[in-house]
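Beneath this line is the structure, given in structure tokens, with notes to follow.
Residue numbers (the working numbering): 113 to 420.
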């Protein structure tokens, strides 16, 4: 049964006149009458008492009109809700990133972008297991943008035919360790300890991390034993504070701990490592919202360079 039949009956009940109701429904009177008759045939009983003037609904018509009003109202409200939801989803920008960046970089970065963008609706996913899965989600349009760490000394995973990227900033990885009772580091790497050094390892499948290469190039004569591995920097920091080993952790995350003595350096500043924070998009998709967002990033980058 067409919803317009229900609306016809409601118009007739309100106006009690076929001509006025048909005009309100923007249909000819004969066509309007045929639709009312079709509705009565579907219900199986007369809904309109045509013998009285002005016309009125039969008892069955009154009962059906009450239900029709509920159905029509529910149908339109549901449609409005669906349209609003679809519109909202279209406005959202979908990010994927590492959990550390989601916690310590994304909130402030997105706030800085507010003067440049028209949306404040974001989805941030951190649930992809490997770098291949993160990039796969980007290339399959599961997410719009991928924010990651990247060693500036490597080629990264930029594919000019598929991906474009921008550098959003940099982060310094600081070698840290828990202090002993005197406040000295439990392990001081420049002293070249001969015993195995417990090492807290950042899961390399999740980011292009330069620590492994640095250990091989600078401390290849030392023995590092991995005792803990995670991609979550806060978990790494907690293990370091408890004295489990040496770790390279983003400086923004350990700054307070270093200042308050919960952590100390395991090596000098020459052993700090710089990583880029980069954002990637897949060039195969050019939705207006993503194009506008990308242009906003380019504008902000240009403004920063001019101010610098």
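Positions of the beta carbon are idealized from the N, C-alpha and C atoms, including for glycine.
Residues 133 of the same chain have their beta carbon placed closer than 6 Å to that of residue 124, with the five preceding and five following residues left out of the count. The criterion of a C-beta distance shorter than 8 Å is not satisfied by residue 255 and residue 211.
The alpha-carbon of residue 136 is positioned some 14 Å away from that of residue 148.
Taking C-beta separations shorter than 8 Å and ignoring five residues to either side along the sequence, the partners of residue 363 in its chain run 283, 284, 285, 286 and 384, following chain order. With respect to residue 288, residue 366 sits close: the two C-beta atoms are nearer than 8 Å. According to the DSSP assignment, residue 327 belongs to the alpha helix (DSSP H) that extends over 323–330. In terms of Cα proximity to residue 304, the closest of 155, 389, 333 and 243 is 333. For residue 152, the CB contacts under 6 Å within the same chain, skipping 5 residues up- and downstream, are 158 and 159 in chain order. For the pair residue 391 and residue 236, the CB atoms are not nearer than the 8 Å cut-off. The straight-line gap separating the alpha-carbon atoms of residue 297 and residue 327 is approximately 18 Å. Put simply, the backbone Cα of residue 193 is about 15 Å away from that of residue 183. The beta strand (DSSP E) runs of length 3 or more contained entirely in the segment 237–294 are, from start to end of the chain, 257–262 and 275–289. DSSP, read as helix, strand or coil, puts residue 393 in strand. Pairing residue 299 with residue 378 gives a Cβ-Cβ distance under 8 Å. DSSP, reduced to helix, strand and coil, places residue 132 within a helical segment of the structure shown.
DSSP lists 311 as the bridge partner or partners of residue 338. Bridge pairing for residue 221: absent [DSSP]. Under the three-state reduction of DSSP output, residue 229 falls in the coil class, being neither helix nor strand. Shown here, residue 137 sits in coil according to DSSP, grouped into three states, outside any helix or strand. With a threshold of 16 other beta carbon atoms within 10 Å, residue 410 falls short and is exposed. A residue is called buried once 16 or more other Cβ atoms fall within 10 Å of its Cβ, and residue 343 is buried on that count.
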